[in-house]
Amino acid sequence: MNRVFLAIIIVISLTVGIGISKYLLQTDSSIHSKQQNSSNTDPRKAIKLNNIEQNMVLEEMRGFLNSTQKIVAALAADDMAAVVAAAKQSGRASQEQMPAETRDKLPKGFKKLGFDTHTKFDQLAMDAD
Numbered sequence: 063m064n065r066v067f068l069a070i071i072i073v074i075s076l077t078v079g080i081g082i083s084k085y086l087l088q089t090d091s092s093i094h095s096k097q098q099n100s101s102n103t104d105p106r107k108a109i110k111l112n113n114i115e116q117n118m119v120l121e122e123m124r125g126f127l128n129s130t131q132k133i134v135a136a137l138a139a140d141d142m143a144a145v146v147a148a149a150k151q152s153g154r155a156s157q158e159q160m161p162a163e164t165r166d167k168l169p170k171g172f173k174k175l176g177f178d179t180h181t182k183f184d185q186l187a188m189d190a191d
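Residue numbers for the sequence shown follow my numbering, beginning at 63 and rising by one.
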């Protein structure tokens with residue numbers, strides 16, 4: 063039961079992190095123009111990526127969500143082997159698919175959030191094993 067509770071906490075944390083990442087990745091020009099004209103200090107930064115790079119980042123986020131869905135389903139079925147397999151799909155090994163040129167364009171905080179998310183998936187896989 064302790065593993066299940068830990069897994070649920072990690073899944074919730076990952077879901078929140080993915081939501082924040084998606085919010086930070088918004089590149090709608092009307093939002094950015096409003097931010098530039100506003101007098102308040104908004105700490106968010108626009109991430110300038112071409113369409114291919116943006117799709118890669120969004121695909122990685124979808125992978126996090128897909129793994130999270132599989133983990134939740136596996137927990138509901140009390141199938142810890144499936145939890146391990148789903149968590150490993152989004153672990154640090156999957157980071158290698160992102161080209162260095164694209165990674166270099168991402169802000170430090172965004173990269174840290176992604177690295178931490180991949181690490182937490184690996185930790186979840188180890189805890190569930």
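Note that beta-carbon positions come from the ideal geometry of N, C-alpha and C, so glycine has one too.
Here the structure is a predicted model, which is why all the values come from computation and not from measurement.
Legend entry - Whole-Å CB distance - residue 183 paired with residue 149, under 8 Å assumed: Confirmed, about 5 Å.
Inset, instruction - Pick helix, strand or coil for residue 107, following the three-state DSSP scheme. - result: Of the three classes helix, strand and coil, the one that applies to residue 107 here is coil, per DSSP.
Inset, instruction - Find out if the Cβ-Cβ distance for the pair residue 169, residue 80 is shorter than 8 Å. - result: No. Outside cutoff.
Legend entry - 7 Å CB neighbourhood of residue 181 in its chain, flanking five on each side removed: Within the same chain, residue 181 has close Cβ partners 154.
Inset, instruction - May I ask you to report which of helix, strand or coil DSSP gives residue 188? - result: When secondary structure is reduced to three states using DSSP, residue 188 falls in the helix class.
Inset, instruction - Return the first residue and the last residue of the alpha helix (DSSP H) that residue 129 is part of. - result: Where residue 129 is concerned, the enclosing alpha helix (DSSP H) starts and stops at 113 to 138.
Inset, instruction - For residue 171, count neighbouring Cβ atoms within 10 angstroms of its own Cβ and tell me buried if that reaches 16, exposed if not. - result: Per the 10 Å Cβ criterion, exposed.
Legend entry - Span of the alpha helix (DSSP H), counted from its first residue to its last, around residue 141: Here residue 141 belongs to no alpha helix (DSSP H), and DSSP marks it neither H nor E.
Inset, instruction - Just the C-alpha distance for residue 189 and residue 74, rounded to the nearest angstrom, thanks. - result: Cα-Cα distance, rounded: 16 Å.
Inset, instruction - For my contact list, residue 164 and residue 118 are in at a C-beta cut-off of 8 Å; report their separation, rounded to the angstrom. - result: Between residue 164 and residue 118 a beta carbon distance of about 6 Å is seen, short of the 8 Å cut, so the two are scored as contacting.
Legend entry - Of the listed residues 162, 161, 151, 114, nearest to residue 179 (C-alpha basis): With distances taken between Cα atoms, residue 179 lies closest to 151.
Inset, instruction - Tell me, to the nearest whole angstrom, how far the beta carbon of residue 76 is from that of residue 126; I am working on the premise that it is less than 8 Å. - result: Sure, about 6 Å apart at Cβ, within 8 Å.
Inset, instruction - In angstroms with no decimal places, state the Cα-to-Cα distance between residue 174 and residue 115. - result: The C-alpha of residue 115 is placed about 18 Å away from the C-alpha of residue 174.
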